[in-house]
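Residue numbers (this note's numbering): 6 to 1058.
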């Protein structure tokens, strides 16, 4: 008993001693320039006790006397300092990059210096600096990653973005990268129809990556090559964009963050239209008599502007007639002046406005973390009667057992969006840009069109009347009728995320299992009202898809003196189900304004599709390092795909990469070299195909005049011996930084070859089919990526950082199939097609060209004075650029920061239907410039092989019409541009740490502010994008480009 009492007393006094020995520590953490380091971690060495610095770099905590504080921050060297009452810690940048971790395939964090392939990272804050309304969030990466090409063409309402990493590798398959969010592969494609993609009308509903919430993004890693993405399998054949979302972290105060933004959008690039001549096919007016009075009546039944000069003549306008008819034809109609419109096309567009609010709560303890986030965005678009809203809720949490061995985690996001009034694109009846640029009258006033587009009886009022006494539209709806009566709407509900467990078997060995889900329901509704120029109709589309992945991994990591070893082995079971239901009225609508399939005059059309796909995979990788200098990694994966035939459906792909940190050998001799690395990688990856391309099946149907069922032959002959596409990739790179990381560059050369392309090749009709699925064709890509960074100025109160990204990719179609030198990807609605030509780059514009003499002069017909056209189609240029890049400059002056981004593209071409018909119909500025209508035009060229210059005067109408009947090359333009992509300015308020508000920041931004280029007079080359697929290079009524401006305020409590 006495002994036990003594032991208790001893323990008591030891405890008292410990308590007494606690010291209250106050300190500040700054960088080399003396600026506070916000969010640095301070931990008492050997314990879990710690805190983080506030916005001023200050911290407070209790620590045992004689103890040690470990101070760390990402990208800076960790420092250890003894415990004292007042501490000032200076963190230096980690010039050797030893602590720079990047997220690689399967979510594995690796030291960047150990990687043998190119990986680019973008911080999450870059995604929200200039969010631009509801535009696709991936567009924020434009100009910031070498080798990543992003083009977007459908404004701010979530239109499609074309995303390519290191060029096109598949002739007819998917070339989009795989998107992975917290380890969850998510669908990123679009479902735009072929007609929509080729510019023949329809709506761009956008690719599904627009569902990503930029407010939740912590960082993005772009895995560019096959070596980087091989562990993800065939789906990552085109690279991977990995998104890591924000997680719960230990925060000062309540851990509540709130950001509110307001944005405005205005049209900043419209085609230049002539304002000298009005509509009609001749220079005179028709004479009409109403109630005994004679009126000058314009030729409203035509949809071109070769009419009388706009000189103030008194006319009976369509607006006068419509008002007279709306009033019951009482008295005589009024008249108007034949003049250029006071309210022209630019006045049709409105100032869009968006509001975005994000609220998040984040906290963590030693054993658990939680983050909740909610974002709401509401947009009123720049097109009349257009709007969109979306709500995103996300939760991320972890919990760990007391022994720190078992961890449960989850990351789940729910997304809901609703949109109304997207713009029809391409050559569609309700695309207002077709009516403004390609076909129309140049005297039309938008205020009048808006004032009267619907009559009291519900019929349409439009300028394009059949006759003065017949108001039925001939070719064109009133643009406001198109926007308010023939609009579409859509909605999407989506949930994606994962839930999993990990167990630490040994300190070096961990097992992990997780289930990944991506599920969405997408609904679209389109309508044309009774009274429209086109037949009334109503259409519904419903898409539903889920993808479920079960993934398990065994992970090992250890160090042995100078050696490090990391190994992972695992498997994945993927199942995907896609269901598509379509219904559309036939023969028009029976009852006005009742939009339902049951309102169809004839039996409604209906169609249903069910598609399933599965992939079973096993994979593994081993990486070894020596003395933080030499690293070698090998990966191996096998996919077994349900879309390929037995015998060819299981395929392996390996990769091998290595890196050599040569600066480790020179660190004692060269103070100017901060870091230097050579890297190399090789990989071979496979790619499967879409479901149901192996066996040829027949479709059951019933004849109209019989109840006897029959079977219809499909138009495509499938292939029971299909094998996977195969891509072999090689890359080498050099990374260096100098002068304490003030200057550096990253250079990469890569070469890829994709063979056994899966192609639906055109075959003779005598076979009974139109296409046959085959394995054939080889595409190569070779390119260079360069990334430069520098900090020219770094002082306590001012800094300037600059970065330049450059990339060039040379694509070539080496082979198609024996005896075939050309594969048509798609035909445009008019004059040209896009194809793959053996020996040329993938994606060439094929159409009639100018005829040239031996000296390269254009040949002209001496009789008409117009350009001669080739008899057949020729290659008019590639649709993809030769090189692209971006230049970012960031400045900081005290608490003010600012940045500016220019991005650019050189090379590539597109065909413009708007230009072709805008010339043909007399709408564009060129058709009335320099007295051409009075004096004609003399085209530059020669009339014979002797080089005799042309002197024949071509008639203006013949010249303009020749844009449709002459060489298609007349309407092919360069896609070169330089864009003022972003400007951002912000101010962070210096707040006291004891205030309720822990952080306060205000900022303003501008995006897509200006574009320059040799062929940007009428169109922004980027706006021709109509999908994320392979069909590009055709402009067919592109909506105008939009500039975004806005401001935001961010607070933390």
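Cβ coordinates follow ideal geometry from the N, Cα and C atoms, glycine included.
| Query | Result |
| --- | --- |
| Residue range of the unbroken beta strand (DSSP E) whose run includes residue 455 | Segment 451 to 456 is the alpha helix (DSSP H) holding residue 455; no beta strand (DSSP E) there. |
| Nearest-angstrom beta carbon gap, residue 308 and residue 5 [assumed within contact, 8 Å] | Past the edges of the chain, shown from 6 to 1058, lies residue 5, and the structure says nothing about it. |
| contact_flag[the stretch 201 to 208, the stretch 143 to 153] where n(CB pairs < 8 Å) is 3 or more | no |
| Where residue 19 sits in the DSSP three-state scheme | The predicted model places residue 19 with a pLDDT of 36, which falls under 50 and marks its position as unreliable, so this point remains unresolved. |
| Local Cβ density within 10 Å of residue 154, reported as buried at 16 or more and exposed below that | buried |
| Three-way DSSP call (helix, strand, coil) for residue 732 in this model | strand |
| Length of the line joining the Cα atoms of residue 785 and residue 815 | 8 Å |
| N-terminal and C-terminal residue of the alpha helix (DSSP H) that residue 868 is part of | It is not in any alpha helix (DSSP H) - residue 868 carries neither H nor E in the DSSP assignment. |
| For residue 835 and residue 842, the rounded distance between their alpha carbons | 20 Å |
| Residue 894 beta carbon less than 8 Å from that of residue 905 | yes |
| Within 8 Å, strictly: CB atoms of residue 402 and residue 375 | yes |
| CB contact flag (residue 258, residue 367, <8 Å) | no |
| Opposing strand residues paired with residue 1048 [DSSP bridges] | 271 |
| Buried/exposed call for residue 695, threshold 16 Cβ in 10 Å | exposed |
| Own chain partners of residue 100 with C-beta closer than 8 Å, once the 5 adjacent residues on each side are dropped | Residue confidence for residue 100 is low, a pLDDT of 44 falling below 50, so the modelled location carries little weight and cannot support an answer. |
| Residues bridged to residue 902 (per DSSP) | 897 and 991 |
| Selected residue, minimal CA-CA separation from residue 632, among 665, 653, 644 and 223 | 665 |
| Residue 612 - partner residues in DSSP beta bridges | 587 |
| Sufficient close CB pairs (3 or more, under 8 Å) joining the stretch 1012 to 1023 to the stretch 269 to 288 | yes |
| Inter-residue Cα distance where the pair is residue 424 and residue 604 | 24 Å |
| Three CB pairs or more closer than 8 Å across the stretch 443 to 461 and the stretch 345 to 355 | yes |
| CB contact flag (residue 912, residue 878, <8 Å) | no |
| Sheet register partners of residue 703 (DSSP bridge) | In DSSP, residue 703 forms no bridge with anything. |
| Residue 360 versus residue 909 - alpha carbon distance | 30 Å |
| Assigned exposure category for residue 446 - 16 Cβ within 10 Å defines buried | buried |
| Meets three-Cβ-pair contact criterion under 8 Å: the stretch 237 to 245 and the stretch 178 to 192 | yes |
| Backbone CA spacing between residue 5 and residue 974 [nearest angstrom] | One cannot answer for residue 5 here, as it falls past the ends of the chain, which runs 6 to 1058. |
| Unbroken alpha helix (DSSP H) run spanning residue 328, endpoints | 323 to 331 |
| Span of the beta strand (DSSP E) around residue 922 | Per DSSP, residue 922 belongs to no beta strand (DSSP E); it is in the alpha helix (DSSP H), 918 to 925. |
| Distance CB(residue 62)-CB(residue 42) smaller than 8 Å | yes |
| Rounded Cβ spacing between residue 783 and residue 728 (contact assumed at less than 8 Å) | 14 Å between Cβ atoms; not a contact. |
| Residues near residue 428 by beta carbon distance below 6 Å, same chain, minus five either side | 388 and 1044 |
| Cut-off 8 Å between Cβ atoms - residues of its own chain near residue 251, not counting five sequence neighbours on either side | 129, 221, 222, 223, 365, 367, 376, 378 and 401 |
| Secondary structure of residue 602, DSSP reduced to three states | helix |
| Test item: CB-CB of residue 730 and residue 523 under 8 Å | no |
| Residue 1042 beta carbon less than 8 Å from that of residue 279 | no |
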